[in-house]
DNA sequence: AATTAGTACGTTATAATATAACATAATCAC
DNA sequence: GTGATTATGTTATATTATAACGTACTAATT
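Chains as they are written, first to last, in the numbering used here: chain W, 92 to 255; chain A, 92 to 255.
Shown next, in the form of structure tokens:
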């Protein structure tokens, strides 16, 4: 057996090399923006890096505070504009049920991710299951509903927060 | 062929008898609360009825305004408490992506509903597809994630808002 | 390197959503 | 009816988000 961490997403593997998560996310973001002619400015880079500091989503005002602590003193619109840019570039997701933002684990590929949110540790794991998105698409088709965006947010207790 | 309104949920059938939607919802709510020993007070009843005025979700402050127009002059906590009660009794759902509230179409049966939200007319149709909730449950099981709540909100264009 | 068009950011103010904390009133169980 | 419980009223404030307008930076072209 591979143990309980066998095939889990990084977010739910306690000992994972998170510095590498951040580094990969930042490198990929830079590449994608360059390819798209989108400007990943210092501010936007800083916001994205803060969002990636953990696998728990971060609120806009938490980001504001972190930027303030760094010496910048941005006002809310500045942060929201950076977040809007990152959302447009699909570098982050907004978690509607938490009013907070989290890094996208696979910004290069078009996808409608699903998020598993641990109520105890706050960790959010993104998965992309065709079985889920396909079932939603099929149900919408039955109703002749033209889907633009799927929000799937599953709240519960992650493997690290339940007794074995 | 039954036409485009063949098997659609009431929310998406333009000519449906909405007075009956309201009446059935209110009757069922009264029955369920009685059965559970929960107090469906006048205020809570009024809030539920406002939520059911249409198949588009209603914000807390819109409800506040409607109560004010009726002569009551409640403050926000009063409305939020009524909404909390209705949420606990599963008589309404909160649509996280809209910060708004909508009547539950089947409060008697335990279920995790999915919501299709039309970006144009605001109508929200609730469906309960085992294929969707099952796929989510299966994915969570893979990750040893214990699910407490599923939020599925699908944004797009409903059948009444697209050209034929 | 100046011009300019477009984009990004700064700043002020305020809107929209939600809750904490405590007081009063209604209802229920006995 | 008395006391316990639940519901609502009230004041104040927290949290999340955006409108509107001004300034500065960037990139492309001359």
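Ideal Cβ placement from N, Cα and C applies to all residues, glycine included.
Q | residue 244 of chain W: contacting residues in chain A (beta-carbon distance under 9 Å) | A | 187, 240, 241, 242, 243, 244
**Q.** Boundaries of the beta strand (DSSP E) in which residue 159 of chain A is found, first to last residue
**A.** Element bounds for residue 159 of chain A: not the beta strand (DSSP E) but the alpha helix (DSSP H), 151-160.
Q. CB residue 242 of chain A to CB residue 203 of chain W, shorter than 8 Å?
A. no
(Q) If contacts are defined as beta-carbon pairs under 8 Å, then residue 102 of chain W and residue 216 of chain W qualify, I think. What distance do you get, rounded to the angstrom? (A) 4 Å
Q) Which same chain residues, not among the five before or five after residue 220 of chain W, have their C-beta less than 7 Å away from its C-beta? A) 205
Q: Determine the extent of the alpha helix (DSSP H) in which residue 134 of chain W is found, giving its start and end residues.
A: 133-142
Q: Could you work out which residue in A:147, A:156, A:162, A:134 is closest to residue 175 of chain A when comparing CA atoms only?
A: A:134
Q: Taking residue 141 of chain W as the query, report the chain A residues whose CB atoms sit under 7 Å from its CB, ordered along the chain.
A: Correct list: empty, because the minimum Cβ distance to chain A is about 23 Å.
Q) By DSSP, does residue 126 of chain A sit in helix, in strand, or in coil? A) helix
**Q.** residue 242 of chain A: first and last residue of the uninterrupted beta strand (DSSP E) it sits in
**A.** 237-248
Q: Just confirm the distance between the C-beta atoms of residue 212 of chain A and residue 236 of chain W, as a whole number of angstroms; I'd bet it's less than 8 Å.
A: Contact flag wrong, Cβ pair sits at about 12 Å.
Q. Can you pull the DSSP bridge partners for residue 194 of chain A?
A. A:183
**Q.** Straight-line Cα distance separating residue 247 of chain W from residue 138 of chain W
**A.** 27 Å
**Q.** Beta-carbon gap between residue 223 of chain W and residue 230 of chain A smaller than 8 Å
**A.** yes
Q. Which two residues bound the contiguous beta strand (DSSP E) that contains residue 221 of chain W?
A. Element bounds for residue 221 of chain W: not the beta strand (DSSP E) but the alpha helix (DSSP H), 221-233.
**Q.** Buried or exposed by the 16-neighbour rule on C-beta atoms within 10 Å, applied to residue 118 of chain W
**A.** exposed
Q) Quick one: which chain A residues come within Cβ less than 9 Å of residue 159 of chain W? A) Within 9 Å Cβ-Cβ: nothing; residue 159 of chain W doesn't reach chain A, min ~27 Å.
Q. Which class does residue 147 of chain A belong to by DSSP, given the choice of helix, strand or coil?
A. coil
Q: Within its chain, find whatever has a CB closer than 7 Å to the CB of residue 96 of chain W; leave out the 5 residues flanking it on each side and keep chain order.
A: 104
Q: Identify each residue in the stretch 94-105 of chain W for which the Cβ-Cβ distance to at least one residue of chain A is less than 8 Å, and report them in chain order.
A: 95, 98, 99, 100, 103
Q. Taking DSSP as the reference, what is the three-state secondary structure of residue 105 of chain W?
A. coil
(Q) Since residue 193 of chain W and residue 170 of chain W should fall inside the 8 Å C-beta cutoff, what is the C-beta to C-beta distance between them, to a whole number of angstroms? (A) With 8 Å as the limit, residue 193 of chain W and residue 170 of chain W do not qualify as a contact, their Cβ atoms being about 15 Å apart.
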